[in-house]
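*Asks:* Handing you a structure now.
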Amino acid sequence: MNISYLRSLPIGNAVELLLAVDADAVRLQLLRRIDANFVGPDDPGATVIYDAIRHVTPQNDRLSLLDTEDIVNGVPLFYQAYGNDGAQWIASSIETVTPTQRLTDRSIDPL
175 MNISYLRSLP
185 IGNAVELLLA
195 VDADAVRLQL
205 LRRIDANFVG
215 PDDPGATVIY
225 DAIRHVTPQN
235 DRLSLLDTED
245 IVNGVPLFYQ
255 AYGNDGAQWI
265 ASSIETVTPT
275 QRLTDRSIDP
285 L
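Residue numbers (the working numbering): 175 to 285.
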């Protein structure tokens, strides 16, 4: 289980993630914090971004997610994924990204 892709979207206030899922994982969870102090899959200080029974197949071992909940541009975010193999939780390494708006609105307001 690992976070293989993580980036801030150009529109800002959004993060795109790609999880590489272990073949034996039966449940997946992705947590977010504003610091790197994760204490496990039941972390009371973390925001749960994704928590579900595995729905990917061995032929499709990637899960794409979009995080837009309560994200503020310029505030670093830390993510950690967890996979449960039926007996124990396996944690990914912690990844970080700082959302920023890079898109310039060049549209003309007709009013």
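For glycine and all other residues, C-beta sits at the position ideal for the given N, C-alpha and C.
Give me the Cα-Cα distance between Ile348 and Leu237, rounded to the nearest whole angstrom.
*Replies:* Limits of the chain in this structure are 175 at one end and 285 at the other, which puts residue 348 out of reach.
*Asks:* Comparing alpha-carbon positions, which option in Asn176, Ala265, Leu191 lies nearest Leu251?
*Replies:* Answer by Cα proximity: Leu191.
*Asks:* So, with DSSP's three-state summary, where would you put Gly248?
*Replies:* Gly248 falls in the coil class under three-state DSSP.
*Asks:* For Ile177, write down the residues that DSSP places opposite it in a beta bridge.
*Replies:* According to DSSP, Ile177 bridges with Leu193.
*Asks:* Bridge partners of Ala265, per DSSP?
*Replies:* BP columns for Ala265 point to Tyr256.
*Asks:* Just to confirm, are Asp196 and Asp235 a CB contact at a threshold of 9 Å?
*Replies:* In contact: Asp196 and Asp235 (Cβ atoms closer than 9 Å).
*Asks:* Identify, in the order they occur along the chain, each residue of the same chain with its Cβ nearer than 7 Å to the Cβ of Ala265, setting aside the five sequence neighbours on each side.
*Replies:* Same-chain partners within the cutoff: Gln254, Tyr256.
*Asks:* Please say whether Asp259 and Asp217 have beta carbons closer to each other than 9 Å?
*Replies:* No.
*Asks:* What does the alpha-carbon distance come out to for the pair Ala188 and Arg207?
*Replies:* Those two C-alpha atoms are separated by around 15 Å.
*Asks:* Is DSSP giving Leu163 helix, strand or coil here?
*Replies:* The requested residue 163 does not occur in the structure, where the chain is confined to residues 175 to 285.
*Asks:* To which residues does DSSP link Leu239 through a beta bridge?
*Replies:* The partner list for Leu239 (beta bridge, DSSP) reads Leu191.
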